[in-house]
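Chains as they are written, first to last, in full-length UniProt numbering: chain A, 1 to 456; chain B, 1 to 456. We treat Cβ as the ideally placed atom computed from N, Cα and C, and that holds for glycine. Data first, discussion second: the structure below is written as structure tokens.
There are 2 protein chains.
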Amino acid sequence: MTNQEHLFSINIPDTKKSRIVIIGGGFGGVQLLKNLNSDYFQIVLLDRYNYHTFQPLLYQVATAGLEPDSIAGPLRKVINRKPDTHFRMLKVNRINPNTKTVKTSAGVLNYDYLVISTGAQINYFGNRNIAEHAFPLKQITHALDLRSHIFQQFEKAEIMTSEKEKKKLMTFVIVGAGPTGVEVCGSLAELKNKVLPKDYSGLDFSKMEIHLIEGLDRILPSMSEKSGKKAKKYLEKMGVHIVLNCMTDDYDGEVVKLDNGTTIHAGTLIWAAGVKGNLIDGFGKKSILKGKLVVDEINRVFKDQEQKQVYENLFAIGDVAHMLHPDYPKGLPGLAQAAIQQGRQLGKNLNRLHQAQTMKPFHYKNKGVLATIGRNKAVADFPGDLNFSGALGWFIWMVVHLLFLIGFRNKAVVFANWSWNYFTYDRGIRLILRPSTKENDAVSREMIEAMKETQE
Amino acid sequence: MTNQEHLFSINIPDTKKSRIVIIGGGFGGVQLLKNLNSDYFQIVLLDRYNYHTFQPLLYQVATAGLEPDSIAGPLRKVINRKPDTHFRMLKVNRINPNTKTVKTSAGVLNYDYLVISTGAQINYFGNRNIAEHAFPLKQITHALDLRSHIFQQFEKAEIMTSEKEKKKLMTFVIVGAGPTGVEVCGSLAELKNKVLPKDYSGLDFSKMEIHLIEGLDRILPSMSEKSGKKAKKYLEKMGVHIVLNCMTDDYDGEVVKLDNGTTIHAGTLIWAAGVKGNLIDGFGKKSILKGKLVVDEINRVFKDQEQKQVYENLFAIGDVAHMLHPDYPKGLPGLAQAAIQQGRQLGKNLNRLHQAQTMKPFHYKNKGVLATIGRNKAVADFPGDLNFSGALGWFIWMVVHLLFLIGFRNKAVVFANWSWNYFTYDRGIRLILRPSTKENDAVSREMIEAMKETQE
Chain A
1 MTNQEHLFSI NIPDTKKSRI VIIGGGFGGV QLLKNLNSDY FQIVLLDRYN YHTFQPLLYQ
61 VATAGLEPDS IAGPLRKVIN RKPDTHFRML KVNRINPNTK TVKTSAGVLN YDYLVISTGA
121 QINYFGNRNI AEHAFPLKQI THALDLRSHI FQQFEKAEIM TSEKEKKKLM TFVIVGAGPT
181 GVEVCGSLAE LKNKVLPKDY SGLDFSKMEI HLIEGLDRIL PSMSEKSGKK AKKYLEKMGV
241 HIVLNCMTDD YDGEVVKLDN GTTIHAGTLI WAAGVKGNLI DGFGKKSILK GKLVVDEINR
301 VFKDQEQKQV YENLFAIGDV AHMLHPDYPK GLPGLAQAAI QQGRQLGKNL NRLHQAQTMK
361 PFHYKNKGVL ATIGRNKAVA DFPGDLNFSG ALGWFIWMVV HLLFLIGFRN KAVVFANWSW
421 NYFTYDRGIR LILRPSTKEN DAVSREMIEA MKETQE
Chain B
1 MTNQEHLFSI NIPDTKKSRI VIIGGGFGGV QLLKNLNSDY FQIVLLDRYN YHTFQPLLYQ
61 VATAGLEPDS IAGPLRKVIN RKPDTHFRML KVNRINPNTK TVKTSAGVLN YDYLVISTGA
121 QINYFGNRNI AEHAFPLKQI THALDLRSHI FQQFEKAEIM TSEKEKKKLM TFVIVGAGPT
181 GVEVCGSLAE LKNKVLPKDY SGLDFSKMEI HLIEGLDRIL PSMSEKSGKK AKKYLEKMGV
241 HIVLNCMTDD YDGEVVKLDN GTTIHAGTLI WAAGVKGNLI DGFGKKSILK GKLVVDEINR
301 VFKDQEQKQV YENLFAIGDV AHMLHPDYPK GLPGLAQAAI QQGRQLGKNL NRLHQAQTMK
361 PFHYKNKGVL ATIGRNKAVA DFPGDLNFSG ALGWFIWMVV HLLFLIGFRN KAVVFANWSW
421 NYFTYDRGIR LILRPSTKEN DAVSREMIEA MKETQE
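In structure tokens, the structure reads:
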């Protein structure tokens, strides 16, 4: 790959302005970019993908409710509205804060300011078997793989002779009862109860099982106790088996081993049990806390967290950052809102910096937390102990998500799809388009390879 | 794979009715199924995919105009409306007309009547290099691969140092000027003229080249001369280089060799130059003509075409069939309409057969032929030398395609997308979701492997 460096160059026009390089076009990166004044700065956005993803709705793609284009938008469309703003689709391999350079798959780029907004990746906590056999749900490609896999399970079950194997194909285990786990469970339960029996008349859907495994003593631990209980009631009514206080020890593609001694024969395990910061090489222990880049209240990365020294021109926002903030001793919540607010704040701060004004510390404004379990079944927590559930919660959930989806077109298509799904209990997108393997997903492949190397 | 046979069984309930097995859920197969009376027959549909594809719009998926769910529908949705009708997703390996059985990847199934509606596959005319490096456009997966590939070319071009390489990445060669080739050309030209320059400000789009190579002396040979000329004018005005009377000899992924001695350096070759029947093993030369199953006017496959002997219970319809018909000495046109009409007719004929009535011979009703080149640019031929072009042609094209797309939901989504594209000159679906290789596509892989074996 070394002589590739002669073929490619990151190739950004020279500028007299300061150059801000943003790594990662997620919620934080895009919001930052929108708030930066391009009269002050040249802006360069780098990402491995050419689109940004509305991750809270990935589960809808995975369960045939929406197509990818509804929850993802081309990053170049965001870029092309701003002058002297550039996008390059490539992988960043290393950051060197001393030389103020990033090393990418297409060569080296120097920066005046660097913002790392690479988000989070799945955390398998070192369990290689699970990494190899479980389905993650963090990227569009994961969601498409999972969708194809789910429907392939039922197609296979129709032609399977052994009752035991048939049951295995129809058994789904979801690990982790955060919003992703709960929403996938609810959506699978709706497929089981309303959509699939019409399609697969040869299968007995009373035998389809959905298990939700959670290590803590409740579901939706990031939400109010009231909402957690309500969501649990909804899921159980829909037929989901919930196991609390239980860790998942192993999965070989066929048998899930739980730490309470029981096993579940399941053709599918969806891993929604944890994420970790998507770190890039170039930082030592002094900059890292709980697997994330530790930052101050202005999102500056600590050069040395003990000595309270920061890099003046190097920032991290969103899920890759752990902010030391007196109001949030456990760190900010891993929500889109937190990334969006940090991106917006940092954009304004950098504009202030350029004008020699003082940068302002970050304050998180809790705008509420939502999770949907199914049609007319959602839970919503708002500041001031305001909780909603049922049809009203669901309505709030839908409006909020429609408002957040970027771009008028997506909103119209999403609304058309959801209306259709609501009134017909149909899911149009039951197409099996991809081979059901992890081979398509370069990131998963890399991760598994790295684990193999570590274990050897 | 042999002990798989014990694990799987095709598993259709026993019946006292006659069993009709349909292989292939394309236009013909679906239409046949809809017209069969399930009081008379048990119906079994077999397909490798779990969806049917509106193939005339594949080029829109390939060029980021539509998402797959807009032009594909789950086959089980068609099935689940009819009693005693069954779908199995699997591959048919062999037909044995003597024992009245089909051998599939999940075991053997016997039939009383068999209908082969497996359609067509890409014909590379034995050119292994082209098969390996060109992009086909016959399946949804092809269209998604091509879409990712097209946008990857521009992302790469942005970071490419060599001007020569950059130009190669921005050069597209389309071989074959039938409707698919012409429509892809037009859609690429619109991307070049209206969409991409906004996205890739670092690239000089006057250097983007689109070449259309055709072996015959005109484009759209299946349409009227007037429409062919009009389409040629449109394409040339949009900047497409058209080369007529020219065969494509070779392509190694970088250089296209034409038989007029010239070469074109191109990162993409789209092969729309020919198709052949998607035959299944089990038939000898006596049943095959021009690479298709030869059938009589009732779509019965000939056991021996010279002796005019037919199989009484074995039919072929659509693109896999070559009908001996006095009105169509060259065979029926390879259009959706021909397959649809044959499927409908055969369905009614089989119902008649059950009632001991006489089956009626097939007559093709030409409902017109359409091709679209771009916004407000389409050509339409109707019976009685009625030709339309321009905005009116385009409007007719749009209405006809909307009416044909199966299912209300798809129509609404397609119309929303097209309206958006029309008014904004935007293409929302510019997401690079798949690695740009043919490795995802099992059919292409099989075909290339088979060619390697033949050549060795």
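Check                                                                                                                    : Outcome
For Ile71 (chain B), the three-state DSSP class (helix, strand or coil)                                                  : helix
Element boundaries [alpha helix (DSSP H), containing Lys164 (chain A)]                                                   : Glu163 to Leu169
Within chain B, partners of Asp204 (chain A) - CB distance below 8 angstroms                                             : What Asp204 (chain A) touches in chain B: nothing, since even the nearest Cβ is about 13 angstroms away.
Proximity test, Cβ basis, 9 angstroms: Asn417 (chain B) and chain A                                                      : yes
Residue from A:Ile432, A:Ser9, A:Thr262 and A:Asn376 with nearest C-alpha to Phe423 (chain A)                            : A:Asn376
Own chain residues within Cβ distance below 8 angstroms of Lys285 (chain B), not counting five before or after           : none
Boundaries (first-last residue) of the alpha helix (DSSP H) holding Thr358 (chain B)                                     : Element bounds for Thr358 (chain B): n/a, residue is neither H nor E.
Beta-carbon gap between Arg344 (chain B) and Asn35 (chain B) smaller than 9 angstroms                                    : yes
Cα-Cα separation, Gln31 (chain A) to Leu346 (chain A)                                                                    : 9 angstroms
Glu312 (chain A), DSSP secondary structure in three states                                                               : strand
Neighbouring residues, chain B, relative to Phe8 (chain A) (Cβ below 9 angstroms)                                        : Lys156, Ile159, Met160 and Thr161
Contacting residues, own chain, Cβ-Cβ under 7 angstroms from Lys156 (chain A) (five flanking each side not counted)      : Leu169
Cα-Cα separation between Val301 (chain B) and Ala339 (chain B), rounded to whole angstroms                               : 15 angstroms
Separation of Ser201 (chain A) from Leu146 (chain B), as counted between CA atoms                                        : 36 angstroms
Supposed close pair Leu244 (chain B), Leu216 (chain B) - CB separation, criterion 8 angstroms                            : 7 angstroms
Three-state secondary structure (DSSP) of Gly274 (chain B)                                                               : coil
Span of the alpha helix (DSSP H), counted from its first residue to its last, around Gly29 (chain A)                     : Phe27 to Asn35
First and last residue of the uninterrupted beta strand (DSSP E) at Leu403 (chain A)                                     : Unbroken run through Leu403 (chain A) is the alpha helix (DSSP H), Gly390 to Phe404; no beta strand (DSSP E).
Candidates B:Arg94, B:Lys164 and B:Met238, of which the one nearest His265 (chain B) by Cα                               : B:Lys164
Euclidean distance between Cα positions of Asn421 (chain B) and Trp418 (chain A)                                         : 22 angstroms
Interface positions of the stretch 55-72 of chain B facing chain A (Cβ-Cβ less than 7 angstroms), listed along the chain : Glu67, Pro68, Asp69 and Ala72
Any C-beta of chain A under 9 angstroms from that of Phe41 (chain B)                                                     : no
Assigned exposure category for Arg88 (chain B) - 16 Cβ within 10 Å defines buried                                        : buried
Min CB distance His86 (chain B) to chain A below 9 angstroms                                                             : yes
Nearest to His52 (chain A) (by Cα), restricted to the options A:Leu33, A:Ile122 and A:Thr358                             : A:Leu33
Start-to-end residues for the alpha helix (DSSP H) that takes in Leu196 (chain A)                                        : Leu196 to Asp199
Any C-beta of chain A under 9 angstroms from that of Asn3 (chain B)                                                      : Because the pLDDT at Asn3 (chain B) is just 45, under 50, the model does not fix this residue reliably, and the value given afterwards should be weighed accordingly. So no, Asn3 (chain B) is outside the interface.
For Leu433 (chain A) and Thr141 (chain B), believed in contact at Cβ under 8 angstroms, the rounded distance             : 6 angstroms
Identified DSSP bridge partners for Met160 (chain A)                                                                     : B:Phe8
Status (buried if at least 16 other CB within 10 Å, exposed otherwise) for Val255 (chain B)                              : exposed
Under 9 angstroms between C-beta atoms of Tyr124 (chain A) and Ile130 (chain A)                                          : yes
Partner residues on chain B for Ile140 (chain A), Cβ-Cβ distance less than 9 angstroms                                   : Leu431 and Leu433
Per-residue burial, Thr2 (chain B) [other beta carbons within 10 Å of its own, 16 or more giving buried]                 : Because the pLDDT at Thr2 (chain B) is just 41, under 50, the model does not fix this residue reliably, and the value given afterwards should be weighed accordingly. Thr2 (chain B) comes out exposed.
Span of the alpha helix (DSSP H) around Leu188 (chain A)                                                                 : Pro179 to Glu190
Delimiting residues of the beta strand (DSSP E) encompassing Gln60 (chain B)                                             : Counting along the chain, Gln60 (chain B) falls outside any beta strand (DSSP E), though it belongs to the alpha helix (DSSP H) covering Leu58 to Ala62.
Gly384 (chain A) versus Gly186 (chain A): straight-line alpha-carbon distance, rounded                                   : 27 angstroms
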